[in-house]
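Residue numbers (numbering that gives the first Met the number 0), protein chains in the order written: chain A, 0 to 293; chain B, 0 to 293.
2 protein chains.
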Amino acid sequence: MAGFEHTTIIGVGLIGGSLGLALKQRGLAKEVVGVGYRESTLEAAQASGAIDRWTLDLAGGVAGADLVVICTPVGMVAAKAAEALPAMKPGSILTDVASTKAAITEQIEAMLPDGVAFVPAHPMAGSEKRGNESARADLFDGARVILTPTEKTPADAAEAVAGMWRGVGARVEQLDINAHDRIVANISHLPHLIAPAIINAADEAALPYAATGLRDTTRIAASDTQLWIDIFKDNRANLLGALKQFLKEMESASFALAHEDWDALAGILDRARSRRLSLEPDDDGDSSCSGKST
Amino acid sequence: MAGFEHTTIIGVGLIGGSLGLALKQRGLAKEVVGVGYRESTLEAAQASGAIDRWTLDLAGGVAGADLVVICTPVGMVAAKAAEALPAMKPGSILTDVASTKAAITEQIEAMLPDGVAFVPAHPMAGSEKRGNESARADLFDGARVILTPTEKTPADAAEAVAGMWRGVGARVEQLDINAHDRIVANISHLPHLIAPAIINAADEAALPYAATGLRDTTRIAASDTQLWIDIFKDNRANLLGALKQFLKEMESASFALAHEDWDALAGILDRARSRRLSLEPDDDGDSSCSGKST
Numbered sequence: 000m001a002g003f004e005h006t007t008i009i010g011v012g013l014i015g016g017s018l019g020l021a022l023k024q025r026g027l028a029k030e031v032v033g034v035g036y037r038e039s040t041l042e043a044a045q046a047s048g049a050i051d052r053w054t055l056d057l058a059g060g061v062a063g064a065d066l067v068v069i070c071t072p073v074g075m076v077a078a079k080a081a082e083a084l085p086a087m088k089p090g091s092i093l094t095d096v097a098s099t100k101a102a103i104t105e106q107i108e109a110m111l112p113d114g115v116a117f118v119p120a121h122p123m124a125g126s127e128k129r130g131n132e133s134a135r136a137d138l139f140d141g142a143r144v145i146l147t148p149t150e151k152t153p154a155d156a157a158e159a160v161a162g163m164w165r166g167v168g169a170r171v172e173q174l175d176i177n178a179h180d181r182i183v184a185n186i187s188h189l190p191h192l193i194a195p196a197i198i199n200a201a202d203e204a205a206l207p208y209a210a211t212g213l214r215d216t217t218r219i220a221a222s223d224t225q226l227w228i229d230i231f232k233d234n235r236a237n238l239l240g241a242l243k244q245f246l247k248e249m250e251s252a253s254f255a256l257a258h259e260d261w262d263a264l265a266g267i268l269d270r271a272r273s274r275r276l277s278l279e280p281d282d283d284g285d286s287s288c289s290g291k292s293t
Numbered sequence: 000m001a002g003f004e005h006t007t008i009i010g011v012g013l014i015g016g017s018l019g020l021a022l023k024q025r026g027l028a029k030e031v032v033g034v035g036y037r038e039s040t041l042e043a044a045q046a047s048g049a050i051d052r053w054t055l056d057l058a059g060g061v062a063g064a065d066l067v068v069i070c071t072p073v074g075m076v077a078a079k080a081a082e083a084l085p086a087m088k089p090g091s092i093l094t095d096v097a098s099t100k101a102a103i104t105e106q107i108e109a110m111l112p113d114g115v116a117f118v119p120a121h122p123m124a125g126s127e128k129r130g131n132e133s134a135r136a137d138l139f140d141g142a143r144v145i146l147t148p149t150e151k152t153p154a155d156a157a158e159a160v161a162g163m164w165r166g167v168g169a170r171v172e173q174l175d176i177n178a179h180d181r182i183v184a185n186i187s188h189l190p191h192l193i194a195p196a197i198i199n200a201a202d203e204a205a206l207p208y209a210a211t212g213l214r215d216t217t218r219i220a221a222s223d224t225q226l227w228i229d230i231f232k233d234n235r236a237n238l239l240g241a242l243k244q245f246l247k248e249m250e251s252a253s254f255a256l257a258h259e260d261w262d263a264l265a266g267i268l269d270r271a272r273s274r275r276l277s278l279e280p281d282d283d284g285d286s287s288c289s290g291k292s293t
């Protein structure tokens, strides 16, 4: 089979729950065990069919697993790995779904026991919604999953994890782990640092008049604070680099505006427009989102 | 009637075409005349029912009108007013739909002939889409229309224009003209300056991986360049003020990140989150836009 007979998911939220549903519905796991810390969440996941059984005992939950998938927020991945690894059986594989890879991978590889492989992975799927109640079996259908194997990652383990993701409908590709972290700093983490500044800069009196301009650019500012602080911590150096590049771009735009250099400003807008249009077509419903503006 | 018997619309694009459709469908004008410079556009507008007849001759098109609505992009409003005003009949009213108000209004009021009133107006409706082919009769249904009368605006003229907008479903309110321009600099024009910088700062290699973070924050970077250059020109001083505030916010976030002051950064994200959530509920389809993210 493309999956693993005994799969344990640590953290049965949106990603973990969706993975469980997809594995079960596609027959890619004989048994999916859920590990968490809140009984009600785990019971709901079991009721939805995302997991066959659950336990609060992490070591016990991973003991018989062929594959352990850590689906917790970024800030908890290394700690959960530290708990799981000593209990995992020889020949088994640990993987994760964190959106930053280098720091976590370095920590996990430093504590890998003999006979257990770690495959760093990042499924680029999810939504502002969190939690198992938003989980759905088709979340990974057509989604991109990036594997960032290192020289310590056995090729057969990476291939087995890739096969599991392809089994649930994802497009799997590999990236150098540092290139991955630079890319996500650029296209995901930086906007999460800018959007809060945009909405915090708005006058209290102006907020009630917010239309598309402000709404679109600040939608992600409603994200969970601690989740993003942990991501910023983890990918701080790359984020600082991306931020520097952004501030340079802002300086060019500010300078053109201040000096009424409209040709320069038009050049900036033209370049941005053509880059933005190059992102289309969009899986994410851009067209349905063309809302009102001022 | 809540409208005007003879209404002329200069510029039959998204806003002008939608206004024509709404006026005709609700019986708020006996005749709607369209003025433009491209025959095919005007013919399409006539075929769609947005206008009863059209002309390329601006002076002729406005001569018999009780109300003239300039619906061109910001950069052309004052020039069109200069052409229209000498041909307008005593007792008639000129209004516009520009998203910046002070500079345009000052220019138009300086050339107002006796017996013709000008009512500055800004319907906060529209979309990234432009052109008459995107026009729809319900565009203003529930939309906000801001009137920014000055001491030169006759109260009865302002009330008549307000009645017309209420007639097509809009919520009409008044704002001080300078307060209006500061507000739109804040919540509309500033994001249109930042979004281009975000996408221009992204590495070429990172763009293919763009998910919600980048897509949402840069959707408006696909807007028309010249349209926005004209708006930036017109509202430059307020935009510079809003930009200064934004750069101050970015500096706080950058400082916290650089110095690993996670408590300060969490405070920034918390404040942004609560301000963003305070914008809900959202008419503009936020919930349907919760796409994939990294």
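Yeah, the Cβ is synthetic: ideal placement off N, Cα and C, and Gly gets one too.
Can you find the residues in the same chain that come closer than 8 Å, C-beta to C-beta, to residue i, ignoring five residues on each side of it along the sequence?
i, result
"Asp51 of chain B", "Lys23, Glu30, Val31, Val32 and Gln45"
"Leu189 of chain A", "Leu238, Ala241, Leu242 and Phe245"
"Val73 of chain A", "Ala97, Ser98, Thr99, Ile103, Leu226, Asp229, Ile230 and Asp233"
"Met87 of chain B", "Val61, Ala62, Ala64, Val67, Leu93, Pro112 and Val115"
"Ala43 of chain B", "Asn131 and Glu132"
Given a threshold of 16 other Cβ atoms within 10 Å of its Cβ, counted over all protein chains shown, does residue i qualify as buried or as exposed?
i, result
"Leu84 of chain B", "buried"
"Leu276 of chain B", "exposed"
"Phe254 of chain B", "exposed"
"Gly130 of chain B", "exposed"
"Gln93 of chain A", "The sequence shown places Leu at residue 93 of chain A, not Gln. It is buried - the Cβ of Leu93 of chain A has at least 16 other Cβ atoms within 10 Å."
"Ala204 of chain B", "exposed"
"Met110 of chain A", "exposed"
"Gly10 of chain B", "buried"
"Asp56 of chain A", "exposed"
"Ser91 of chain B", "buried"
"Gly15 of chain A", "buried"
"Ala257 of chain A", "exposed"
"Ser222 of chain A", "buried"
Which residues in the same chain have their Cβ closer than 7 Å to the Cβ of residue i, if we skip the five residues on either side of it in sequence?
i, result
"Ala220 of chain B", "Ala194, Pro195 and Ile198"
"Ala200 of chain A", "none"
"Phe3 of chain B", "Ala28, Asp65, Leu66 and Met163"
"Asp282 of chain A", "Low local confidence applies: a pLDDT of 48 at Asp282 of chain A is under 50, so the model's placement there is unreliable, and no value is given."
"Ala77 of chain A", "Ile103, Gln106 and Ile107"
"Asn177 of chain B", "Ala101"
"Thr40 of chain A", "Val11 and Asn131"
"Tyr36 of chain A", "Leu55"
"His5 of chain B", "Lys29, Glu30, Gly63, Ala64 and Asp65"
"Ala161 of chain B", "Leu146 and Val171"
"Ala157 of chain B", "Val118, Leu146 and Pro148"
Which bits of chain B does residue i rub up against, with CB to CB less than 8 Å?
i, result
"Thr104 of chain A", "Ordered by position in chain B, no residue passes the 8 Å Cβ test against Thr104 of chain A, which lies about 17 Å from the chain."
"Arg235 of chain A", "Leu256 and Glu259"
"Leu18 of chain A", "By Cβ distance, chain B contributes nothing, its closest Cβ being about 15 Å from Leu18 of chain A, past 8 Å."
"Phe245 of chain A", "Ala196, Ile197 and Ala200"
"Ile182 of chain A", "Asp202, Ala204, Ala205 and Tyr208"
Under 9 Å Cβ-Cβ, which residues of chain A neighbour residue i?
i, result
"Thr217 of chain B", "Pro190, Asp215, Thr216, Ala271, Arg274, Arg275 and Leu278"
Residue i touches chain B at which residues, Cβ-Cβ below 7 Å?
i, result
"Glu248 of chain A", "Ala196, Asn199 and Ala200"
"Asn185 of chain A", "Ala201, Asp202 and Ala205"
"Thr224 of chain A", "Ala265, Leu268, Asp269 and Arg272"
"Trp227 of chain A", "Leu268"
Chain A partners of residue i, CB-CB under 7 Å?
i, result
"Ser253 of chain B", "Leu242"
"Lys232 of chain B", "Trp261"
"Ala221 of chain B", "Arg272, Arg275 and Leu276"
"Leu239 of chain B", "Leu256 and Ala257"
Excluding the 5 residues preceding and the 5 following residue i in the sequence, name in chain order all residues of the same chain whose CB lies nearer than 6 Å to its CB.
i, result
"Ser17 of chain B", "Ala134, Arg135 and Leu138"
"Gly19 of chain B", "Ile8, Val31, Ala49 and Ile50"
"Gly26 of chain A", "none"
"Asp262 of chain B", "none"
Listing by chain order, which chain B residues have their CB less than 9 Å from the CB of residue i?
i, result
"Ile92 of chain A", "Ordered by position in chain B, no residue passes the 9 Å Cβ test against Ile92 of chain A, which lies about 23 Å from the chain."
"Ile14 of chain A", "None at all; the shortest Cβ gap to chain B is about 11 Å."
Start-end ranges of the alpha helix (DSSP H) lying completely within the region 8 to 38 of chain B, minimum 4 residues: Correct list: 13 to 24.
Length-filtered (3 minimum) beta strand (DSSP E) runs lying within the region 90 to 149 of chain A: 92 to 95, 116 to 118, 120 to 123 and 143 to 146
Touch test, the region 116 to 124 of chain B against the region 142 to 155 of chain B, Cβ-Cβ under 8 Å, three pairs minimum: yes
Validate contact between the region 207 to 216 of chain A and the region 178 to 192 of chain B using beta carbons, cut 8 Å, 3 pairs: Between the region 207 to 216 of chain A and the region 178 to 192 of chain B there are three or more C-beta pairs closer than 8 Å, enough to call the two in contact.
Cβ pair count under 8 Å reaching 3, the region 231 to 248 of chain A against the region 163 to 175 of chain B: no
Length-filtered (4 minimum) alpha helix (DSSP H) runs lying within the region 186 to 256 of chain B: 189 to 200, 211 to 217 and 224 to 233
Contiguous alpha helix (DSSP H) assignments of at least 4 residues, all confined to the region 34 to 67 of chain B: 38 to 47 and 57 to 61
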